[in-house]
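So for the first sequence, the UniProt record's numbering puts the first residue at 1; every next one is plus one.
The structure under discussion appears below in the form of structure tokens.
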Amino acid sequence: MAVEAPAKHVFDFDDDDDDGPVVFKRNNTLSSKQNQLNSEVKKASSQRSDGHSGSLASYVQASNGQSSNSQKNKAIPSSKSLPVRSPILSPKASTSSARTSPVKSPVANFKTPASLNDHSKQALKQHKCNIVKEEKSPIKGATETNSDDDDDLQPLSARLKGISNQGTKGASTSSTSQSHRLVPKTEIKGSTKDPDDEAPLPVRFNMKSSPGTSSSKLYDSDEKKPLASNGEQNGSTVKGKQEKSSMLSGKRPLDKGNSLDQSSAKKPKISDTSTAMKSKQLAVKAEKADEDDDDIPISQRIKKSTPTNSKTSSMKQKAAKVVSSSLKKLNRKSKKEFKNSKYIKSTKVSPSSGDGQKKWSTLLHNGVIFPPPYKLHGIKLLYDGRPIDLTPEQEEVATMFAVMKDTDYMNKPQFKKNFWEDWSKLLGKNHTIKDLDKCDFTPIYEWHLQEKEKKKQMSSEEKKALKEEKLKQEEKYMWAIVDGVKEKVGNFRVEPPGLFRGRGEHPKMGKLKKRIHPSDITINIGKNAPIPECPIPGESWKDIKHDNTVTWLAFWNDPINPKEFKYVFLAASSSLKGQSDKEKYEKARMLKEYIRNIRAAYTKDFTSKDVTKRQIAVATYLIDKLALRAGNEKDDDEADTVGCCTLKVGNVECIPPNKLKFDFLGKDSIQYVNTVEVELPVYNAIGQFQTGKSKSDDLFDKLDTSKLNAHLKELMPGLTAKVFRTYNASITLDEMLNKETKDGDVAEKVVIYQRANKEVAIICNHQRSISKSHSAQMSRLTEKITELKGVLKELKIDLDRAKKGKPPLKDADGKQKRNLTPEALEKKIAQTNAKIEKMERDMQTKEDLKTVALGTSKINYLDPRITVAWCKRHEVPIEKIFNKSLLAKFAWAMDVDPDFRF
DNA sequence: AAGTCGACTTGGTTCGAAATAA
DNA sequence: TTATTTCGAACCAAGTCGACTT
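And the structure:
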């Protein structure tokens, strides 16, 4: 690519780095842990390097998992090549074989983490709160420590329980309940302790709810958990309720049903390669030999594993291995980062501390790629039944509209109105077309369907060829070199023109989103890097910047809202993103140390004489307990949704003696419906805030997000409202996993994880629309179960007969069935029963998850180290939980100590 | 103090490929 | 194999929040 020259520089550096002493490389890590095994590992590593001629190779590996080739150099073996780096991926395969081998390295190694921690810690200390707990550095794990801490920390919600859920759906209930079923008792293992007990806050409330609420779970833990969880409401409810809510907001009707559903029941795929590995850690801890392997010191584990077999409890041990294996791959990346870090590092690392915030030293990329120009199709729409000729521009926009024929937007007057405004402008004043309602876009729509069909019918070779062609064109845009490390670019494609699809009742839905040209785009690139060539001949970029305090590679103004921007950033797997992700979780963990005092402080302020203080206290309480979003002010030209600070009086209903019912549209116009029991002072305060106001007035009239965050910052450095969401989500996962994981096979453990994941999704109100085929799928399952039950009945009859020495009855077709022994029949009956039970469980899970989106929390709220550590402790292959992109995104978390607790 | 700008995270839906069921 | 169904990645809208203005 284009880059050449400069590139060199870069490369050079890299090389050095790689080889260099650099402090951190992934390899190292490995070694430490496994050492013994290492030998093998090492080899591997070495190879890599060789393989690719030096630097490049290193590059590549480093960051993304993908191939990299750097552009510049000659060397570039194509991307694919680098075996080494194989990213994360699957276990299965591949690459690994070699590496895998015996050893398996554990995952990654990152050194960095440590550093971060330190920082954070320091920070903590400085500040007031008493912190106290020690943090365990991830690395070392302190075994015991953890537990205690955690308790306190629990999510508020836990304290109280949520109460009701509206029953709408039932969903709520289900959650809990079902879980039980699935997993029958899971109690907590002894090892873990239950933290809950002590928790002060929780104490306050809690309890009560239990009974009634469906939600309440059995486990004690419940209490502590976030409230929300309880049942919840939200999701399901949604629909039904919509109307209601709408009153206030009137927005989003929710769903009509739509697509997807997935069931939760997933089956595990095969993946596991796992096997190998042992854990890495150094081990240090004391061990306990007991049953739980978890607790067992690493060292031991290792041993165990190594040899292979189980030691005591066989199962456990494995876990470690499993996890690691997959992980290892990821590691590679780290190296680079680190290198850089070295230099820069000090600065960088410090979270935020920093420096003015230099985000990078050298940045190289090829700019962005534009969508192809519009291709005329010549199909005419009918106006009053007559075909109309359109100019290319008019046709392009007409087609955008035609294609949306079967979407729900066609039922929205606002959408049509906005579309007509923009399209009629293109048609011009004297155009024949004067009324959208007289337009029949069917011919264009049908043409579109045909095109789609054609595409679908293409042979796989054709498809493949097309794909490769596309890849070839895009490849140079897919990568950037940041501080010498090749990193994937997130969205290098400029958004194509289209009609704006705002969510909920967005005032601008249907407006034309015009085509973006190079002259709209500002490029940000390293000072010494070559300026990307403008891909459209004859045109040029709007501007070129060299700002290393930001991470964007390019941006343009949003055509719908010119005051806003659309940015091109690096992909989630990049170290720049990984670093900030880690900082986010470290901040949330820091909150653990402060939470007790924060809760005590706001509790005290529930009755403050100062209204503002009281509002801040109550708002903070809601954010903490219900994981509400902050709630910034919105303009009139946006969908009218709310968050905590923007709640309207009508969004909260007081239900004596001390319950609050929330019903509002939040982000993306997703309805939040939840009824919770709150402390009396909160209940009373809300009542006061509501008196004398109308339903559409702000509940917290003395508050906005900047005031709230300014206040939070006084309590803990860097604390903002959103940190509570991260904290609540992660602490909930950590606690649930630790309490409920018990012995069992991998599939059972995965179910436990999914249950915890679901709990978090409910707390955060992460919803999805119901799949169009959901009901059909459910009825099909029901049918199958009925059928199986019939078979079962027949088997029982045959069994009776067989016992009496009679032959089985004829089957439905009248044919004679085989004569089976009573034993064989009994076995069959047992199998059929098991099958029926499994299907019923799967069905229940599917129903429960039909409106719950698990992915969002996994990507944004759950500290991946919790998951990785749990997988290591319980021998669950990490790829059962994280897919390929998550593995890449969380590469920084892969080397966490198995004893890590949030 | 409020409003605006700017950068970056969070979030649901869509699209297409992969996995399964038929 | 074919038809689904499931799953992951892409997409891009919609939030959060700090900094800078007015």
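Cβ atoms here follow ideal geometry from the backbone N, Cα and C, with glycine treated the same way.
In this structure, the CA atom of residue 883 is about 10 Å from the CA atom of residue 890.
Judged by DSSP secondary structure, residue 433 falls outside any beta strand (DSSP E); it is assigned neither H nor E. DSSP, read as helix, strand or coil, puts residue 623 in helix. A distance below 8 Å separates the beta carbons of residue 560 and residue 511. Around the beta carbon of residue 549, a 10 Å sphere encloses fewer than 16 other beta carbons of the protein chains shown; the residue is thus reported as exposed. Along the segment 349-434, the alpha helix (DSSP H) occurs as fully enclosed runs of 4 or more residues at 392-402 and 413-427, listed in sequence order.
Secondary structure at residue 638: coil, using DSSP grouped into helix, strand and coil.
The alpha carbon of residue 515 has as its nearest neighbour, out of 600, 654, 558 and 459, the alpha carbon of 558. For residue 655, the enclosing beta strand (DSSP E) starts and ends at 652-655.
Cβ contact annotation for residue 436 (same chain, cutoff 7 Å, sequence separation greater than five): 416 and 420, in chain order.
With 16 or more neighbouring CB atoms inside 10 Å of its own CB, residue 763 falls in the buried class. Classified as buried, residue 400 has 16 or more neighbouring CB atoms from the shown chains inside 10 Å of its CB. In this structure, the CA atom of residue 747 is about 40 Å from the CA atom of residue 502. If the five residues before and after residue 853 are omitted, its C-beta is found closer than 7 Å to the C-beta atoms of 761, 766, 767 and 768, all from its own chain and listed in chain order. Per DSSP, the unbroken alpha helix (DSSP H) holding residue 746 starts and ends at 746-763. A direct Cα-Cα distance of roughly 38 Å separates residue 671 from residue 487.
The beta carbon of residue 390 lies closer than 7 Å to those of 398 in the same chain, with the five residues before and after it left out. Around residue 493, the same chain offers 369 as residues with beta carbons nearer than 6 Å, after the five sequence neighbours per side are excluded.
Counting only unbroken stretches of 4 or more residues, the alpha helix (DSSP H) elements lying wholly within the segment 815-899 are 822-848, 855-860, 864-874 and 884-889, in sequence order. DSSP, reduced to helix, strand and coil, places residue 782 within a helical segment of the structure shown. Here residue 795 is actually not in contact with residue 836; their C-beta atoms are around 12 Å apart, not less than 8 Å.
Here the alpha carbons of residue 749 and residue 656 stand approximately 41 Å from one another. Of the residues 833, 531 and 688, the one whose Cα lies closest to the Cα of residue 553 is 531.
About 50 Å separates the beta carbons of residue 741 and residue 546, which is beyond the 8 Å limit, so they are not a contact pair. Bridge pairing for residue 548: absent [DSSP]. For the pair of segments examined, the segment 699-706 was found to touch the segment 642-650: the number of CB pairs separated by less than 8 Å reaches three.
In the structure shown, residue 731 falls within a helical segment according to DSSP collapsed to helix, strand and coil.
In the DSSP assignment, residue 584 falls outside any beta strand (DSSP E) and within the unbroken alpha helix (DSSP H) covering 575-605. Collapsing the DSSP output to three states places residue 520 in a helix. When DSSP states are grouped into helix, strand and coil, residue 571 belongs to the coil group. For the pair residue 731 and residue 902, the CB atoms are nearer than the 8 Å cut-off. As a beta-bridge residue in DSSP terms, residue 557 pairs with 565.
Judged by beta-carbon spacing, residue 576 lies within the 8 Å limit of residue 359, meaning their Cβ atoms are closer than that value.
With a cutoff of 8 Å on beta-carbon distance, residue 402 and residue 441 are scored as near each other.
Here residue 441 carries a coil assignment [DSSP, helix/strand/coil]. The three-state reading of DSSP puts residue 462 in helix, counting H, G and I together.
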